[in-house]
DNA sequence: AATGAATGAGCTTTCATTCAT
DNA sequence: GATGAATGAAAGCTCATTCAT
């Protein structure tokens, strides 16, 4: 059944997140999924194919995290919008990181996953671009500074969410959204200083305009 | 001999970086180090102890990367100083990442390494603090904006170097310092907008007054 | 259906001949026969029963290869008759050998097949006896030497066809009837020297005397 | 140690002969050799390499079976010499056949062994040629008929030994030298009629006539 | 009759670790 | 200190067989 297939995929992801790649043995996967070991090979050519599926599904979900962000343009405060968005990104990264990092242990696996991510465009690119579009829109509304490159700022913001999740995972801290929120707020705060409209800058341009007219 | 001991440590690190944790077998280590497999167990209780040593040495080196940064305070342009510093950090991270990330594959190993890093304070903390001290010093000199938290900005800058290296490693790109430099410059550019002193007319005049007095 | 049953048997034989016993898995049989794996177990108790059927059918066909040979007694030249017969035997053996030899890999299978062949008299015995009868008949016609044991000569001739086929199969040579024919001719040539009537002068005169009386 | 290496090779050959390829598992080999399963892979790259070694050693021994035959030229009776030689050949074949035939079960194995046998000239060629040389020498002494091709006759004789051993193995008969000797004698008898100098035939008939008159 | 998902025993192979030399 | 033969547990994977549909 397709039911068991998905069952196995989920069990594998759970193992990757909780016990790590080394414990993600076919034996453990079968036990976790409550099926016989042989069934894995009925649904997947080999273990690599199973892992690919896990990565693909998880990355596919992550890819579209920010699709609703454009609806927020102009609403609430910019930093509130960003905080909320980065918190979701943090959460998503917290789940993805054990998978992504485990892959470094096995170069062959790493290469095949690189290939899949390139072919299916599963990287962070889409999310970052969505974020950049949002920033550009706010820029047009004058809600953030005009002299900032939206894509560059979006990269930085996305990195923040990733880095916080990585730090927590690496140091074995549970996903703690309220603490993460604090860190996110702090980082956004620093970046937003760059993004905030420069009153002084405006004044400068105003002065220039006046001098031209 | 201590010579062979260090030999084995270096061989292990080389394997971790080039072939990944999965290929870091005792057989491969012995071959790479040019010693017998059994010798490993004369110098190390077990494989975990060897990896601990590898991580410890590498992190120890990384920890002190920025120790010469304070000497640059007030010299050259701030963004030049930061670019140079982040490039070194990128380079260091590019080497460390395969080691650090591989560890995610084995939770037991991860936990024991977490412990070591906490006990010996081997994390990025020191480097970030050094960077923050530098920023604070430049802040005092008025070379960067006064309304920025140096520690928060330092974290962001450090993160940039780490994330660029991670991205390159994950996507299987060779360490390319000239391209990395571009990315670093762009990110610093965006952050520096936040850090740049706000040169309003009033501030300028204030500065002039102070320098006169 | 009986159709599917025979289908499976033929698919199994094809696999045995082309890929060997090791590749004769239930999965491959099902694929080759174009049926579901489970269907095999509706028609046969287990894999052994299926193989028995394959061997039985193939050996049954082989057994009666020479049934038309007696019609040739006294016609054409003896060596021509033998060459033709051995070529057919070679061809038959070329097909049988991969099946028969594979069986050596599994002693249980070998034993059960030995039993079947004894019970149903599926060995080369009948063919050899047919050949011996032919030789005896030709001997009575004076077309081959009188001091030869027909059964012994028949065994030798049969052996030639078998061994040539075995040699070709073992060395991975395609069944090449024209080359086989050469080898057969050579071997028959040597054996026939034994079989040829000793036409010394005295014997000739003796024969003439007897025919006159 | 080399001791254990040879140990494993012999255990493998014993298993091949007594239980067949299917039972020649690494587990059984290790048990039969009285070593740990892992040790097999210390001495051999994989199972195939081990089997190659087994085949090579066994065939190498077989290759030189007849090396002392040339010393018998002109001594004793020809059929006595041949009987003795074929008996040794039978014995050798009886051991080799389970190995050779098992190989048909696994095409990959078969191909790799074909390659080895070609490269190292491990086939029956040498033995057959030695036998042919002997026959040619006896031919020159006038002890066998002059109109026979020695190589062709040698092939036939060699086949006899092989076929008898194969029949016995296939039908699960123990190696029975005394019975084999009977069969060999019978076959040689028939072939020797071809090989016997024809002059004796003439003389015999002359003698018979005289005794009749 | 026919399917193919599901099982689990058993295979080959790898690898950290030990130990006699 | 140094070697490498030896161990045995555990890995990924295959396959004959069963069974619900």
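Protein chains in written order, with the numbering used here: chain H, 1376 to 1588; chain X, 1376 to 1588; chain E, 1376 to 1588; chain A, 1376 to 1588.
Where a beta carbon is used, it is the ideal one built from N, C-alpha and C, also for glycine.
On a predicted model such as this, the values are computed, not experimentally measured, just so you know.
Between residue 1483 of chain H and the set X:1549, X:1383, X:1396, X:1516, the nearest pair of CA atoms involves X:1396. Taking C-beta atoms as the reference points, residue 1404 of chain H and residue 1502 of chain H fail to come closer than 8 Å. In summary, residue 1486 of chain H is exposed, with fewer than 16 beta-carbon neighbours lying within 10 Å of its beta-carbon over all protein chains present.
Secondary structure in the region 1400-1432 of chain E: the alpha helix (DSSP H) runs of 4 residues or longer, each lying completely within the stretch, are 1401-1408, 1415-1418 in chain order. With its beta carbon at least 8 Å from every one in chain X, residue 1417 of chain H lies outside the interface. Close to residue 1473 of chain E, with beta-carbon spacing below 8 Å, are these residues of chain A in chain order: 1479. Contact with chain E is found for residue 1522 of chain A, since one of that chain's Cβ atoms lies less than 8 Å from the residue's Cβ.
Sorting A:1461, A:1570, A:1435 by C-alpha distance to the C-alpha of residue 1511 of chain A places A:1570 at the top.
Assignment of residue 1439 of chain A by DSSP, reduced to helix, strand and coil, places it in the coil class. Counting only Cβ-Cβ distances below 8 Å, residue 1535 of chain A has contacts in chain E at 1531, 1534, in chain order. Residue 1524 of chain E is a Cβ neighbour of residue 1565 of chain A, given a cutoff of 8 Å. Residue 1463 of chain E and residue 1504 of chain A have their C-alpha atoms some 28 Å from each other. Nearest neighbour of residue 1407 of chain H by Cα position, chosen from H:1518, H:1453, H:1392, turns out to be H:1392. In its chain, beyond the 5 residues on either side, 1505 have a beta carbon closer than 8 Å to the beta carbon of residue 1442 of chain A.
Taking a contact as a CB-CB distance under 8 Å, the pair residue 1522 of chain A and residue 1559 of chain E does not count as one, their CB atoms being some 19 Å apart.
Nearest C-alpha to residue 1471 of chain A among A:1378, A:1490, A:1509, A:1390: A:1390.
The beta carbon of residue 1448 of chain H is closer than 8 Å to those of 1509, 1512, 1513, 1516 in its chain, skipping five residues each way along the sequence. For the pair residue 1544 of chain A and residue 1465 of chain A, the CB atoms are not nearer than the 8 Å cut-off. Taken through DSSP and simplified to helix, strand or coil, residue 1473 of chain H comes out as helix.
Using a Cβ-Cβ cut-off of 8 Å, residue 1385 of chain H does not count as an interface residue toward chain X, since no Cβ of chain X sits closer than that to its own. For residue 1506 of chain H, no Cβ of chain X is located within less than 8 Å of the residue's own Cβ. Around the beta carbon of residue 1492 of chain E, 16 or more other beta carbons sit within 10 angstroms, so the residue counts as buried. For residue 1422 of chain H, there are no C-beta contacts with chain X under 9 Å, since the nearest C-beta of that chain is about 12 Å from it. For residue 1485 of chain E, the enclosing alpha helix (DSSP H) stretches over residues 1482-1495.
Counting along the chain, the unbroken alpha helix (DSSP H) around residue 1568 of chain X starts and ends at 1552-1570. Under the Cβ distance rule, residue 1455 of chain X does not count among the residues neighbouring chain H, no pair being separated by less than 8 Å. Here residue 1538 of chain X really is in contact with residue 1537 of chain H; their C-beta atoms are around 7 Å apart, less than 8 Å. The three-state secondary structure of residue 1503 of chain H, taken from DSSP, is helix. Under the Cβ criterion of 8 Å, residue 1517 of chain X is not counted among the residues facing chain H. Taking the beta carbon of residue 1549 of chain A as reference, no residue of chain E falls within 8 Å; the closest one sits roughly 13 Å away. The three-state secondary structure of residue 1390 of chain A, taken from DSSP, is helix. Assignment of residue 1511 of chain H by DSSP, reduced to helix, strand and coil, places it in the helix class. Excluding the 5 residues flanking it on each side, residue 1401 of chain A has same chain C-beta neighbours closer than 8 Å at 1412, 1415, 1422, in chain order. Residue state for residue 1546 of chain A is assigned as coil, using DSSP reduced to three classes. In the three-state reduction of the DSSP assignment, residue 1519 of chain X falls in the coil class, being assigned neither a helical nor a strand state. Against residue 1546 of chain A, the close residues of chain E are 1489, 1492, 1493, 1498, in the order they occur along the chain (beta-carbon pairs closer than 9 Å).
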